[in-house]
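Peer 1: Numbering (the UniProt record's numbering), first residue to last: 1 to 350. Quick one: the structure is below, and I'll ask about it shortly.
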Amino acid sequence: MTEFQPPLPPPPTGATSTTSAKPSNLWEFLDSLGDDAKDRPEPRLSTALSGLAAVLVTFGWAALLSGDSGSTSGLYAGTITAFGAGLAVRLKASKNADLQAAAVGAGISSLLLFCIAFIGDTEMNAGLGLILTAVLHVAVWVLPGFRGRSIFLGFAALALIFGLSSAIGGEVLTDDRCEELYYSDEEVPDECYEDNFYSDLPGSVGDFLGKQGVLYTIAGTALILGVATLDRRGYRAVGTALIPAGMVAILIGALLMAVRMANAGAGVLAAIAGLALCYVGSRGERRAMTWWGAATTTVGVAGFFLGAFTPDTASASSFAIIAAGGTLALTPYLIRKAAENKNSSGTSSG
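What follows is the structure, encoded as structure tokens:
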């Protein structure tokens with residue numbers, strides 16, 4: 001008599017396995033975020049006000065613990081406890097949208113305050129501090145609690161662009177900073193004797209800005225092209241978070257290049273960056289990005305003609321502007337014609 005052997009259970013599959021596989025690449029990770037990566041939540045007045053109310057409470061709480069003396073330890077305590085409260089709500093609370101929005105508001109504001117306080121307290125290099133800020137925001141975006149909240153990714157992108165530009169591009173010399181150099185033993189650069197659009201900024205802003213417009217333009221264009229890839233794959237919520245950083249970077253890059261280059265090359269780079277914005281905005285049906293790109297392209301084309309011909313009279317400047325307008329009007333036609341030729345050549349070869 002043979003002993004009865006119960007049948008063995010089937011081997012676990014992707015659907016029945018008790019342990020979920022870890023994402024092995026970016027697209028799998030974004031898929032793991034679910035709707036947070038693809039769809040932006042519907043705007044609601046109560047949700048928006050809840051998030052902003054939490055921001056105000058966080059600032060007030062941190063200021064209360066910091067006190068009249070501006071205690072750094074009190075500021076740290078305020079930001080850490082506010083972040084912890086927001087994290088607890090995100091992990092334990094119900095799916096109430098207003099409460100969740102308030103938790104995100106407390107989380108993002110407390111993290112930003114903590115990073116600003118830490119950079120000032122340690123007197124670290126501004127560029128390095130911004131890069132560290134970007135890393136912390138990405139970590140919060142990835143880890144449980146605030147996972148998938150794209151606002152953290154958006155601030156990370158902004159901090160990374162400013163951090164890299166500040167670390168590589170050098171310090172912008174504002175009037176406040178130049179005044180410090182006048183009364184020191186250091187040599188005063190020629191830039192201090194020039195009147196630029198950033199001259200009137202507070203001195204501390206120059207540490208975080210950086211003066212290489214090319215870096216801003218390249219980084220901003222790369223971000224916008226990344227948005228195009230995300231839109232094409234359906235991750236519109238993640239792409240939306242990167243748009244402000246890309247648009248701000250391209251704007252600052254165009255302004256800095258105009259100040260430092262003062263020639264046609266700055267206009268060409270600004271026009272190319274603007275066309276990239278237009279292309280991504282129109283393909284992704286993003287109205288604000290398309291108009292922002294069109295405005296940047298307009299400034300770039302006008303800057304090219306003014307820099308190339310260096311008009312020295314009012315009539316010459318007028319003709320340069322008219323030529324820029326004509327070129328701008330022809331640009332869509334030329335792009336459309338090039339696309340039609342490409343499509344027809346592809347059809348004939350197929």
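Here a beta-carbon is modelled for each residue, glycine too, at the ideal position from N, C-alpha and C. Bear in mind that the values here come from a model prediction, so they are computed numbers and not experimental data.
Ignore the nearest five residues each way along the sequence and tell me which others in Leu330's own chain have a CB closer than 8 Å to its CB.
Peer 2: Cβ neighbours of Leu330 beyond the five flanking positions: none.
Peer 1: Mind pulling the alpha helix (DSSP H) runs of 4 or more residues that sit fully within the stretch 103-153?
Peer 2: With a minimum length of 4 residues, the continuous alpha helix (DSSP H) runs that stay inside the stretch 103-153 are 126-142.
Peer 1: Rounded to a whole number of angstroms, what is the C-alpha to C-alpha distance between Gly234 and Lys38?
Peer 2: So the alpha carbons of these two residues sit roughly 6 Å apart.
Peer 1: Pick helix, strand or coil for Met340, following the three-state DSSP scheme.
Peer 2: A small correction: the amino acid at residue 340 is Glu; Met does not occupy that position in the sequence shown. Residue state, collapsed to three classes: helix.
Peer 1: Can you tell me which of the three DSSP states Gly34 falls into?
Peer 2: In the structure shown, Gly34 sits in coil (DSSP, three-state: anything other than H, G, I, E or B).
Peer 1: To which residues of the same chain is Thr72 closer than 7 Å at the C-beta, ignoring the five residues directly before and after it?
Peer 2: So the qualifying residues of the chain are Ala117 and Asp121.
Peer 1: Go ahead and label Tyr333 buried or exposed: buried means 16 or more other beta carbons lie within 10 angstroms of its beta carbon, across all protein chains shown.
Peer 2: Exposed.
Peer 1: What's the call for Met124, buried or exposed, on a 16-neighbour Cβ count within 10 Å?
Peer 2: Exposed, since its Cβ has fewer than 16 Cβ neighbours within 10 Å.
Peer 1: If you drop the 5 nearest sequence neighbours on each side, which residues of the same chain put their C-beta closer than 6 Å to that of Leu30?
Peer 2: Once the five neighbours on either side are set aside, the close Cβ partners of Leu30 are Ala37 and Tyr235.
Peer 1: Can at least three beta-carbon pairs, one atom from the stretch 261-277 and one from the stretch 302-309, be found at a separation below 8 Å?
Peer 2: A contact exists between the stretch 261-277 and the stretch 302-309.
Peer 1: Helix, strand or coil: how does DSSP classify Phe309 here?
Peer 2: Note: Phe309 maps to helix in three-state DSSP.
Peer 1: Assuming Leu153 and Ala62 form a contact by the criterion Cβ under 8 Å, report the distance between their Cβ atoms to the nearest whole angstrom.
Peer 2: About 23 Å; that fails the 8 Å criterion.
Peer 1: Given a cut-off of 8 Å, decide if Gly67 and Gly74 are closer than it, judged by their beta-carbon atoms.
Peer 2: Yes, the Cβ-Cβ distance between Gly74 and Gly67 is below 8 Å.
Peer 1: Please state if the CB of Ser110 and the CB of Thr47 are separated by a distance shorter than 8 Å.
Peer 2: Not a contact, by the Cβ cut-off of 8 Å.
Peer 1: Rounded to the nearest angstrom, what separates Ala237 and Glu187 at their Cα positions?
Peer 2: So the two alpha carbons sit approximately 49 Å from each other.
Peer 1: Where does Glu180 fall in DSSP's three states?
Peer 2: Helix at Glu180.
Peer 1: Count the other C-beta atoms from every protein chain shown that fall within 10 angstroms of the C-beta of Asp200, then say buried if there are 16 or more, exposed otherwise.
Peer 2: With a pLDDT of 49 at Asp200, under the threshold of 50, the modelled position of that residue is not reliable, and no figure is offered here.
Peer 1: So does the stretch 90-99 actually touch the stretch 127-136, counting three or more Cβ pairs closer than 8 Å?
Peer 2: With the cut-off at 8 Å, the stretch 90-99 and the stretch 127-136 do not touch.
Peer 1: Would you mind reading off the limits of the alpha helix (DSSP H) that contains Gly226?
Peer 2: Run containing Gly226: Gly213 to Arg233, per the alpha helix (DSSP H) assignment.
Peer 1: Please determine, among Ser184, Cys192 and Ser166, the residue with the shortest C-alpha to C-alpha distance to Cys178.
Peer 2: Per the Cα distances, Cys192.
Peer 1: Thinking Tyr216 and Gly253 are a contact (beta carbons under 8 Å), I'd like their distance in whole angstroms, please.
Peer 2: Right, the Cβ-Cβ distance comes to about 3 Å (below 8 Å), so this counts as a contact.
Peer 1: Which of helix, strand or coil does DSSP assign to Val188?
Peer 2: It is coil, neither helix nor strand.
Peer 1: Using a Cβ-Cβ cutoff of less than 6 Å, which residues in the same chain neighbour Trp141 once the five nearest sequence positions on both sides are dropped?
Peer 2: For Trp141, where only same-chain residues beyond five positions count, the Cβ hits under 6 Å are Phe152 and Leu153.
Peer 1: Taking DSSP as the reference, what is the three-state secondary structure of Glu285?
Peer 2: Residue state, collapsed to three classes: coil.
Peer 1: Using three-state DSSP, classify Phe197 as helix, strand or coil.
Peer 2: Residue placement at Phe197 is poorly supported in this model, since its pLDDT is 49, which falls under 50; the coordinates still yield a value, given next. Three-state result, Phe197: coil.
Peer 1: Residue range of the alpha helix (DSSP H) that Ser66 falls in?
Peer 2: Leu45 to Ser66 is the span of the alpha helix (DSSP H), which, as asked, contains Ser66.
Peer 1: Have a look at Ile119 and Val104 and give me their C-alpha separation to the nearest angstrom.
Peer 2: In a straight line, the C-alpha of Ile119 is about 23 Å away from that of Val104.
Peer 1: Buried or exposed for Ala134, going by 16 or more other Cβ atoms inside 10 Å?
Peer 2: Its Cβ being crowded by 16 or more others within 10 Å, Ala134 is buried.
Peer 1: Under 8 Å, do Leu158 and Val248 count as touching if we go by C-beta distance?
Peer 2: Closer than 8 Å, so yes.
Peer 1: Pull up the distance between the alpha-carbon of Leu275 and that of Ala82, whole angstroms please.
Peer 2: Cα to Cα, the separation comes out at about 42 Å.
Peer 1: For the alpha helix (DSSP H) that Lys92 lies in, which residues bound it at each end?
Peer 2: Counting along the chain, the alpha helix (DSSP H) containing Lys92 begins and ends at Thr72 to Lys92.
Peer 1: Closest by CA to Leu223, which one among Arg232, Val214 and Ile250?
Peer 2: Ranking the options by Cα distance to Leu223, first place goes to Ile250.
Peer 1: For Gly300, count the other beta carbons within 10 Å of its own beta carbon; 16 or more makes it buried, fewer makes it exposed. Which is it?
Peer 2: With 16 or more Cβ atoms within 10 Å of its Cβ, Gly300 is classed as buried.
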